Amino acid sequence: MIKINIQKQLHGSNGLMNLNVNLEIKQGEFVALAGLSGSGKTTLLRILAGLEEASGIIKINNSIWLDEKFSLSPQKREIGFVFQDYALFPNYTVLENLLYVNKDIELANHLLKITELSELKNRLPQTLSGGQKQRISLCRALMNRPKILLMDEPLSALDPSMRTKLQNEILTLHKEFNTTTIMVSHDPSEIYRLSNRMVVLNNGQIIKDTTPKEALLKTNGSAKFSFEGELLDIIKVDVIYVAIITIGQQLVEVVIGNEEAKNLKIGDIINVSTKAFAPMVKQ
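Oh and the sequence shown: position 107 is 107 in UniProt numbering, straight run, nothing missing.
Structure (structure tokens):
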């Protein structure tokens, strides 16, 4: 069991903000941290890793990592951290990057096999693609078999197909190592696919703590179809108006009424729904 009860004053985009997080996380859970930029998600990860100071308590099973008198050094915290920018040693080969953390060659080869990097183990990072570098970063984070794996938007810079592939590998490794995973993400599909719990922060406070299904699906099992997206444009076609909306990686055209066309503004986040429809699903 991981018990987190921490406080820290931050300088947010709207001035001073108090980060105040009280969480209990079970062993093996996959927790997604979501919320607007600047809400305290990355800071929370850095506090857990011991990279930033805070007041309060962090307790992992019977081990104290932080209290009013003591803060365990980052090197002694059993944590793996996957950064968005990979943080690899440029002059070390793929295999050497892993063995720098732990000399367990058998584990290193096992991780490289799972992530399909075995053929690249003698290559330098600069000769690899972004997806390959991120897989190395993930493997390296698991080399010490950490109790907690922290990931800060690890797949945000990758194209959709590579993102899906790495999501599969993250899920495979999470289940095999039974690591408690905490991941910052802004991608609803990623959160839904990977995590079993979603914690939403706003201005440093937890405003939602539930399952991804409860948080992300707004139809509650009804026949209603609903999605949220950003309004990119409104085009008049003859006597009707067509709204261009982005949802994920897709652009959608939706016919809207005259009144909606007058009231909506480009950049608005809007919800589109219909109560009666017969969806066609094709591969």
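A virtual CB, placed ideally from N, CA and C, is assigned to each residue, including glycine. Because the structure is a prediction, the values reported are computed rather than measured.
Closest option to residue 237, judged by alpha-carbon separation, among 255, 108, 179 and 229: 255.
9 Å or more divides the Cβ of residue 3 from the Cβ of residue 29. Counted as a single uninterrupted DSSP element, the alpha helix (DSSP H) harbouring residue 174 occupies residues 160–177.
For residue 271, same chain residues with a beta-carbon under 8 Å away, outside a window of 5 residues either side, are 218, 226, 227 and 228 in chain order. Burial state of residue 90 is exposed, judged by a 10 Å Cβ sphere holding fewer than 16 other Cβ atoms. Ranked by how close their Cα comes to the Cα of residue 263, the residues 130, 233 and 273 have 233 in first place. Partner residues in the beta bridge of residue 210, as assigned by DSSP, are 198. Annotation for residue 40: 19, 201 and 204 place their beta carbon closer than 6 Å to its own, counting only its chain and skipping 5 residues before and after.
The residue from 112, 86 and 246 with its alpha-carbon nearest to that of residue 173 is 112. Here residue 120 really is in contact with residue 128; their C-beta atoms are around 7 Å apart, less than 8 Å. Ranking 115, 125, 215 and 230 by CA distance to the CA of residue 169 puts 115 first.
Unbroken beta strand (DSSP E) stretches of 3 residues or longer found wholly inside the segment 91–162: 148–152, given in chain order. Residue 164 holds the alpha-carbon nearest to the alpha-carbon of residue 135 among 146, 148, 147 and 164. Sorting 139, 81 and 72 by C-alpha distance to the C-alpha of residue 104 places 139 at the top. Contact between residue 154 and residue 79 does not hold, since their C-beta atoms are separated by about 15 Å, which reaches or exceeds 8 Å. In the displayed model, residue 191 falls within a helix according to three-state DSSP. Taking C-beta atoms as the reference points, residue 151 and residue 101 fail to come closer than 9 Å. For residue 22, there is no enclosing alpha helix (DSSP H); the residue is found in the beta strand (DSSP E) stretching over 15–25.
According to the DSSP assignment, residue 253 belongs to the beta strand (DSSP E) that extends over 250–256.
Secondary structure note for residue 243: its beta strand (DSSP E) is the uninterrupted segment 240–247. Proximity to residue 214 across 231, 230, 196 and 206 peaks at 196, based on C-alpha coordinates. Taking all protein chains in view, the Cβ of residue 239 is surrounded by fewer than 16 other Cβ atoms within 10 Å, so the residue is classified as exposed.
Of the other Cβ atoms in all chains shown, 16 or more fall within 10 Å of the Cβ of residue 97; this residue is therefore buried.
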